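Undergrad: Protein sequence lines correspond, in order, to chains A and B.
Anchor point for the first sequence: position 61 equals 62 in this note's numbering, and the numbering is continuous, going up by one each time.
Anchor point for the second sequence: position 73 equals 85 in this note's numbering, and the numbering is continuous, going up by one each time.
Virtual Cβ for every residue (Gly too), placed ideally from N, Cα, C.
This one's a predicted model, so the numbers in the text were calculated from it and none came from an experiment.
Starting off with a structure, shown below.
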Amino acid sequence: MDMTIDTTMGIATTTGAAVIETRGVAKNFGAARALAPVTLGIAQGEFCALIGPSGCGKSTLLKLIARLHQPTAGEIRWWGNDFSNVGRTGKQLAFVFQDPTLMPWADADTNVRLPLDLARVPLKDSIPRVRAALELVELAGRERAHPRELSGGMRMRVSIARALVTEPDLLLMDEPFGALDEFTRIRLDEEFSQLAFERQLTAMFVTHSIYEAVFLATRVVVMAANPGRIFAEYVIDEPLPRGAGFRDSTRFFAHCRELSALLNQACIASRSVS
Amino acid sequence: MKRIAVPLAAPALTGIFILAAWQIICASCHIPPYLFPSPAAIAASLAICWPSLLLALFSTLKVTLLAFALAVLFGTLIAFLFVQSRALEVSLLPYAIMLQVTPIAAVAPLIIILIKNLFWALTLCAAVIAVFPIISNTTIGLRSVDPGLLAYFRMNKASRLQILLRLRIPGAMPFFMAGLRISSGLSLIGAVVAEFVAGTGGNGAGLAYQILQASFQLDIPRMFAALALITLTGVAMAGLMALLSKSILKWHDAGDTK
């Protein structure tokens, strides 16, 4: 496919240090090829969106990077190291699932503190960090609320606070706002863009929404299916943080139109190759 | 206030209505108390025989509570073993089921012959039928972990012990509590059935013996009185378990039910 841009020439190699590098990473589930060899780099401070038709392996790629799956072939480097060294380099990786995946028996405070508790961080250190994380997602005062007492959007914010409390060097998100209504989603996107800017977050997220990809990402990786692969890349060089002003701008819609065209081509390519 | 009052008042009113109808039918149709006693006759019998009935109740209660405690202890222990190893579960589960499906009334005579001490024989009978719901429910509970949360724990390099303490045990609580509620009722049933089979009197005889004795003497009101005490004990235990479940499972939807 001529449309496929050589990803080894991506931003990773041109700006900043590579946070993640995948080299020919492939994944099969039994006989099914979920992901053809993918080579991709994520640079420090980048906000990378993965978008594509269903079955294109975008979630699989994200989970491979999160080490929730093992690759069938290829190699992944985390900050230039293999995964067993991630903890030793002092780097932290956090994953936000599509669902909030909170412990229903625990209050917001305990849920956010979970990664610190698992890492045996003493309470005197973890308590202020949890408080700060909950303030960051505007849930101060709801520390004692259980997940069932919170709305869907609030639960997702607890989940994001749980990821941020570890002060991650890389944040991976699998359709984090996918299950939310449009209104809540737009608001959380705006809050999140602000937060990512303040924290200088490096993030990679899967989304189904072109609007969300354009709004949040600095680079969009468009994927195609049959087999799952990178189809094209699209850079969104707009000032950060982005707010309602950007969402209403003509530039925003121009980006959406172009990305939409790319996605259409990716869908056609997914059908033609088998 | 309304949330507490309605679930208590509605069944109480129903009970009063049934008792009143029962009393009126017995009185107006002149049904003799040795065939079917009126609530008033049962209450009178309870008032006369209360020292022996209360002693019998105490005895039955001792067997029931000890059997329940043993069932919870061993049931939980066995469930933990099952969850640790599939091989162990596969090899032992059929026998646990065999224990469950064999009627206790058929096994009780054997247990009573084998174990000299009657109190322990009765307790074992009751524990044998009370243990199964604890085993099966706790095993299912410990196994049914939210796969997303499990992935999260593994990603954060949680140890087996951390996963057990922070994920499996709290997640199993609704299942465990449901098992507890079934098992508390079964331990009372087991105790009474075992007492029937043993059929022994004397000191420390339970409510079942009171029923047997009353039936021999055709003292039907006393039989009903003993029956009423068994029923009330069962209701009290169910209520206690519901309260316990509600206080532990505040986070769970089932915590709302009565």
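On the DSSP letters alone, give me the boundaries of the beta strand (DSSP E) that B/Phe86 sits inside.
TA: Counted from its first residue, the second sequence places residue 86 of chain B at position 74. Element bounds for B/Phe86: not the beta strand (DSSP E) but the alpha helix (DSSP H), Pro51 to Gln96.
Undergrad: How long is the line joining the alpha carbons of A/Met155 and B/Ala68, rounded to whole angstroms?
TA: As a working mapping, residue 155 of chain A is identified with position 154 in the first sequence. As a working mapping, residue 68 of chain B is identified with position 56 in the second sequence. The straight-line gap from Cα to Cα measures roughly 56 angstroms.
Undergrad: Expressed to the nearest angstrom, what Euclidean distance is found between the alpha-carbon atoms of A/Asp110 and A/Arg200?
TA: Mapped onto the first sequence, residue 110 of chain A falls at position 109. Mapped onto the first sequence, residue 200 of chain A falls at position 199. Between A/Asp110 and A/Arg200, the C-alpha separation is close to 21 angstroms.
Undergrad: Could you check if B/Gln222 is buried or exposed, using at least 16 other CB atoms within 10 Å of its CB as the buried criterion?
TA: The residue labelled residue 222 of chain B in the question sits at position 210 within the second sequence. Label assigned to B/Gln222: buried.
Undergrad: Compute the Euclidean distance between the alpha carbons of A/Gly31 and A/Thr73, then round it to the nearest angstrom.
TA: For the purposes of this step, residue 31 of chain A is taken as residue 30 along the first sequence, with counting starting at 1. For the purposes of this step, residue 73 of chain A is taken as residue 72 along the first sequence, with counting starting at 1. Each residue's alpha carbon lies about 10 angstroms from the other.
Undergrad: So for B/Leu241, helix, strand or coil by DSSP?
TA: By 1-based counting over the second sequence, the position of residue 241 of chain B is 229. B/Leu241 falls in the helix class under three-state DSSP.
Undergrad: In whole angstroms, give me the CA-to-CA distance for B/Ala91 and B/Gly27.
TA: Numbered from its first residue, the second sequence carries residue 91 of chain B at position 79. Numbered from its first residue, the second sequence carries residue 27 of chain B at position 15. Roughly 39 angstroms between the two C-alpha positions.
Undergrad: Hey, how far is the Cα of A/Ala180 from the Cα of B/Leu20?
TA: Reading the first sequence from its first residue, position 179 is the one you call residue 180 of chain A. Reading the second sequence from its first residue, position 8 is the one you call residue 20 of chain B. Roughly 40 angstroms separates the two Cα atoms.
Undergrad: Excluding the 5 residues preceding and the 5 following B/Gln35 in the sequence, name in chain order all residues of the same chain whose CB lies nearer than 8 angstroms to its CB.
TA: Walking along the second sequence from the start, residue 35 of chain B turns up at place 23. If we look at B/Gln35 and ignore the five residues flanking it on each side, its Cβ neighbours are Ser50, Pro51 and Ala52.
Undergrad: Report the residues of the stretch 40-71 of chain A with a CB closer than 8 angstroms to any CB of chain B, ordered along the chain.
TA: So the list reads Ala67, Arg68 and Leu69, given in the order they occur along the chain.
Undergrad: Who are A/Glu76's beta bridge partners in DSSP?
TA: Residue 76 of chain A sits at position 75 when you count from the first residue of the first sequence. Per DSSP, A/Arg24.
Undergrad: For chain A, is any of its Cβ atoms less than 8 angstroms away from the one on B/Asn168?
TA: Residue 168 of chain B sits at position 156 when you count from the first residue of the second sequence. True, the Cβ-Cβ gap to chain A drops below 8 angstroms.
Undergrad: Kindly indicate if chain A contains any beta-carbon less than 8 angstroms away from that of B/Phe165.
TA: Translated into the one-based positions of the second sequence, residue 165 of chain B becomes position 153. Closer than 8 angstroms: yes.
Undergrad: State the start and end residues of the unbroken beta strand (DSSP E) segment that holds A/Asp108.
TA: Within the first sequence, residue 108 of chain A is the residue found at index 107, counting from 1. From DSSP, A/Asp108 is part of no beta strand (DSSP E); its letter is neither H nor E.
Undergrad: Entirely within the stretch 174-251 of chain A and at least 3 residues each: give me those beta strand (DSSP E) ranges in chain order.
TA: Qualifying beta strand (DSSP E) stretches, in chain order: 204-207, 220-225 and 230-236.
Undergrad: Report the residue from A/Ala27, A/Phe206, A/Val20 and A/Ile128 whose alpha carbon sits nearest the alpha carbon of A/Phe96.
TA: The residue you call residue 96 of chain A lines up with position 95 of the first sequence. That would be A/Phe206, whose Cα lies nearest to the Cα of A/Phe96.
Undergrad: Which value, in whole angstroms, describes the spacing of the CA atoms of B/Ile127 and B/Glu207?
TA: To locate residue 127 of chain B, count along the second sequence from 1; it is residue 115. To locate residue 207 of chain B, count along the second sequence from 1; it is residue 195. Cα-Cα distance, rounded: 14 angstroms.
Undergrad: What residues match up with A/Phe48 in a beta bridge as DSSP calls it?
TA: Counting from one through the first sequence, the residue named residue 48 of chain A turns up at place 47. In the DSSP output, where bridge partners are listed per residue, A/Phe48 has A/Ala204.
Undergrad: Going by C-alpha to C-alpha distance, which of B/Leu77, B/Leu176, B/Asn168 and B/Cys137 sits closest to A/Val122?
TA: Taking the first sequence and counting its residues from 1, the one referred to as residue 122 of chain A is at position 121. For the residues B/Leu77, B/Leu176, B/Asn168 and B/Cys137, the minimum Cα distance to A/Val122 belongs to B/Asn168.
Undergrad: Any idea which residues DSSP pairs B/Gly251 with across the strands?
TA: If you number the second sequence from 1, residue 251 of chain B lands on position 239. DSSP output for B/Gly251 lists no bridge partner at all.
Undergrad: Which bits of chain A does B/Gly160 rub up against, with CB to CB less than 7 angstroms?
TA: Counting from 1 along the second sequence, the entry for residue 160 of chain B is found at position 148. Within chain A, the residues near B/Gly160 are Phe98, Asp100 and Thr102.
Undergrad: Contact between the stretch 61-78 of chain A and the stretch 244-257 of chain A: three or more CB pairs below 8 angstroms?
TA: No contact exists between the stretch 61-78 of chain A and the stretch 244-257 of chain A.
Undergrad: Could you check whether the stretch 169-183 of chain A touches the stretch 142-151 of chain A, counting it as contact only if at least three pairs of C-beta atoms, one from each stretch, sit closer than 8 angstroms?
TA: Cβ pair count under 8 angstroms is below three, so no.
Undergrad: Using 10 angstroms around the beta-carbon of A/Tyr235, count the other beta-carbons present and answer buried if the total reaches 16, otherwise exposed.
TA: For the purposes of this step, residue 235 of chain A is taken as residue 234 along the first sequence, with counting starting at 1. By the neighbour-count rule (16 or more Cβ atoms within 10 Å), A/Tyr235 is buried.
Undergrad: Report the neighbours of B/Pro182 on chain C: residues whose CB is nearer than 8 angstroms to its CB, in chain order.
TA: No chain C is present in this structure, whose protein chains are A and B.
Undergrad: CA-CA distance, A/Gly241 and A/Ser194?
TA: If you number the first sequence from 1, residue 241 of chain A lands on position 240. If you number the first sequence from 1, residue 194 of chain A lands on position 193. The sequence given here places Leu at residue 241 of chain A; Gly does not occur at that position. Roughly 8 angstroms between the two C-alpha positions.
Undergrad: Looking at the unbroken alpha helix (DSSP H) that takes in A/Ala95, where does it start and where does it end?
TA: Here residue 95 of chain A is taken as the residue at index 94 of the first sequence, counted from 1. Run containing A/Ala95: none in the alpha helix (DSSP H); it sits in the beta strand (DSSP E), Leu94 to Val97.
Undergrad: What is the residue span of the alpha helix (DSSP H) that A/Thr61 lies within?
TA: One-based indexing of the first sequence puts residue 61 of chain A at position 60. Element bounds for A/Thr61: Lys59 to Ile66.
Undergrad: Strictly below 8 angstroms CB to CB, what residues from chain A border B/Gln174?
TA: Stepping through the second sequence from its first residue, residue 174 of chain B is reached at position 162. Simply Leu119.
Undergrad: Grab the span of the alpha helix (DSSP H) containing A/Lys125 for me, first residue to last.
TA: Here the question's residue 125 of chain A lines up with position 124 in the first sequence. That run of the alpha helix (DSSP H) goes Leu124 to Leu137.
Undergrad: How far does the alpha helix (DSSP H) with A/Glu150 in it extend, from its first residue to its last?
TA: As a working note, residue 150 of chain A is residue 149 in the first sequence. It is not in any alpha helix (DSSP H) - A/Glu150 carries neither H nor E in the DSSP assignment.
Undergrad: What residues of chain B sit near A/Arg252, judged by a beta carbon separation below 9 angstroms?
TA: For the purposes of this step, residue 252 of chain A is taken as residue 251 along the first sequence, with counting starting at 1. Per Cβ cutoff of 9 angstroms: no residues; A/Arg252 is ~37 angstroms from chain B at best.
Undergrad: So for B/Ile146, helix, strand or coil by DSSP?
TA: Start at 1 with the first residue of the second sequence, and residue 146 of chain B comes out as number 134. Three-state result, B/Ile146: helix.
Undergrad: Counting beta carbon pairs with one atom in the stretch 243-252 of chain B and one in the stretch 85-101 of chain B, are three or more of them shorter than 8 angstroms?
TA: Contact between the stretch 85-101 of chain B and the stretch 243-252 of chain B is absent, because fewer than three Cβ pairs lie under 8 angstroms.
Undergrad: For A/Arg130 and A/Leu117, which I take to be in contact (beta-carbon distance under 8 angstroms), what is that distance rounded to the nearest angstrom?
TA: As a first step, residue 130 of chain A is located in the first sequence; it is residue number 129 there, counting from the start. As a first step, residue 117 of chain A is located in the first sequence; it is residue number 116 there, counting from the start. Correct: roughly 7 angstroms between the Cβ atoms.
Undergrad: Is the separation between the beta-carbon of A/Leu62 and that of A/Leu51 shorter than 8 angstroms?
TA: Within the first sequence, residue 62 of chain A is the residue found at index 61, counting from 1. Within the first sequence, residue 51 of chain A is the residue found at index 50, counting from 1. Closer than 8 angstroms, so yes.
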